[in-house]
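Mapping to this note's numbering: the sequence shown position 132 is 178, numbers consecutive. Backbone N, C-alpha and C fix where the C-beta goes; we use that ideal spot for every residue, glycine too.
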Amino acid sequence: MRFSIQTMIWGCVLLALLFAGGLAFMPKPIDVEVASVSEGPIVVTVQEDGKTRIREKYIISTPVAGRLARIELDSGDEVVDNETLVAVILPAEPTMLDARAQAQASARVDQAEAALKRAEASVEQAQVVFELSQSKFKRAEKLRESKSISQENYDIARTALLRDTQRVRTFEFDTEIATFELAMAKAALLQFSDNAEHGVEPFQVYAPISGKVLRVFQESSTVLTVGTPLIELGDPSNLEMEIDVLSTDAVRISPGGEMSIEHWGGKSPLKGRVRVVEPAAFTKISSLGVEEQRVNVIAAFDEPSERVSSLGDGYRVEARIVVEKKANARKIPNSALFRHEKEWHVFAIAGKAARLQPVAIGIQNEQEVEITGGLGTGEQVVLYPDDRLSDGSRVRIK
């Protein structure tokens, strides 16, 4: 009996030693950070720098050859259409003007008349398109009240109306400028009339638009030829943005797309919408010396005028243009995702172990990725997995 008790004692000791040895050599659990699969909105954006610009600018040039009197206006001064005197020019003596100059002046009148007719035709055409967009938007508003239209289709109708409204304004501005240039061309042609031989009167140039002086090209009194730029006018309250993006990103951007303007100097981001994606690309050298094909995206501010009143022409902006979004996507942080055997995988938590799990992904931005298959809402995945992890590894959540 004593032999049996000793045997049992030694057996227990041996088992305890084996168990302790097993624990000593068993791999320790790996500390990991985890995140849960969640559902919510995900937005994909293109982020690029851009600049503001005044939508409608006009450079006044000398309509006649002669001596320019000193321009009294400075940058920032306000001007009123047909009221503010911009420049005074003393034309050259009629006896010094030859037949060639007269022919050029007559040609400029014909050119200005043709430009005015084109501008008036463009206004009529744009007005027809605007009325159609206005009608579609009114129908969209009625459908929205009865919840019979999607938000996307409503936004499309709203954007089309805003775009066509701006087109009408642009062509009306062109008509005003064409009218002004025709008047200047006709006045210049009067130098060659019989009455001009009895004396030369100063030629007065008034502002063709209301706004502010942006630049003064000729300040001092000097003799100038026809067509020399004098002063640039514009309305700083009528701003838009010009953002150049990679051509590979431009194909994903559509007119009407939402955007956020950040780091512009204000306390909070501004809202904007894409107005035009220009059809032609250009080559630009990046800061790293690499040639890139870029495309200009023209966007309008979607904010009250007082919110953007502190911005001016040529100010820097940083734009995030929305190219794709989903309101209710199953998603995880990008840091959980990795490639394994040419497929996307994650390490999913199963009890106290990490399980290698293949997943299917959808849209992706800088922080998150949509999961379309392989994981369910609420499951936990390992963040920043390293080489120590393998399928079945014991883990301990930090």
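query                                                                                             : result
The stretch 314-327 contacting the stretch 389-397, beta-carbon criterion three pairs below 8 Å   : no
Anticipated Cβ contact below 8 Å, T108 with T274, distance rounded                                : 5 Å
Beta carbon of P301 nearer than 8 Å to that of R209                                               : yes
Minimum C-alpha distance to F249 - residue among K103, N374, E94 and I135                         : I135
Beta-carbon gap between V291 and R340 smaller than 8 Å                                            : yes
Beta-ladder partner(s) of I417, from DSSP                                                         : I407
Straight-line Cα distance separating S306 from A186                                               : 25 Å
Collapsed DSSP secondary structure at S152 in the structure displayed                             : helix
Reference I100, options R261, V336, E94 and R401, closest by Cα                                   : R261
Nearest to E247 (by Cα), restricted to the options L429, S293 and R113                            : R113
At least three beta-carbon pairs within less than 8 Å, the stretch 217-229 to the stretch 163-176 : yes
Straight-line Cα distance separating V83 from Q426                                                : 6 Å
Own chain residues within Cβ distance below 6 Å of V269, not counting five before or after        : R113
Straight-line gap, I105 to A203 (C-alpha atoms, nearest Å)                                        : 35 Å
Rounded separation between V89 and R376 - CA only                                                 : 13 Å
Proximity winner among E338, S256 and A365, relative to V125 (alpha-carbon distances)             : S256
Cβ neighbour criterion (16 or more within 10 Å) applied to G360                                   : exposed
Three-state class that DSSP yields for R298 in the structure shown                                : coil
Delimiting residues of the beta strand (DSSP E) encompassing N374                                 : R362 to P379
C-beta contact flag for E227 and A158 at 8 Å                                                      : yes
First through last residue of the beta strand (DSSP E) which encompasses T329                     : L316 to I331
P275 - partner residues in DSSP beta bridges                                                      : S107
Contacting residues, own chain, Cβ-Cβ under 7 Å from G122 (five flanking each side not counted)   : K258 and V259
Beta-carbon separation (whole angstroms), R401 vs D437, contact threshold 8 Å                     : 6 Å
K97 - partner residues in DSSP beta bridges                                                       : E288 and R362
Three-pair Cβ contact test at 8 Å for the stretch 377-384 versus the stretch 415-422              : yes
Backbone secondary structure at R116 - three-state DSSP                                           : coil
CA nearest to the CA of E278, picked from I117, L61 and T98                                       : I117
C-beta contact flag for L345 and E286 at 8 Å                                                      : Rather than Leu, the amino acid found at residue 345 in this sequence is Ala. Taking 8 Å as the Cβ cut-off, A345 and E286 qualify as a contacting pair.
Three-way DSSP call (helix, strand, coil) for V428 in this model                                  : strand
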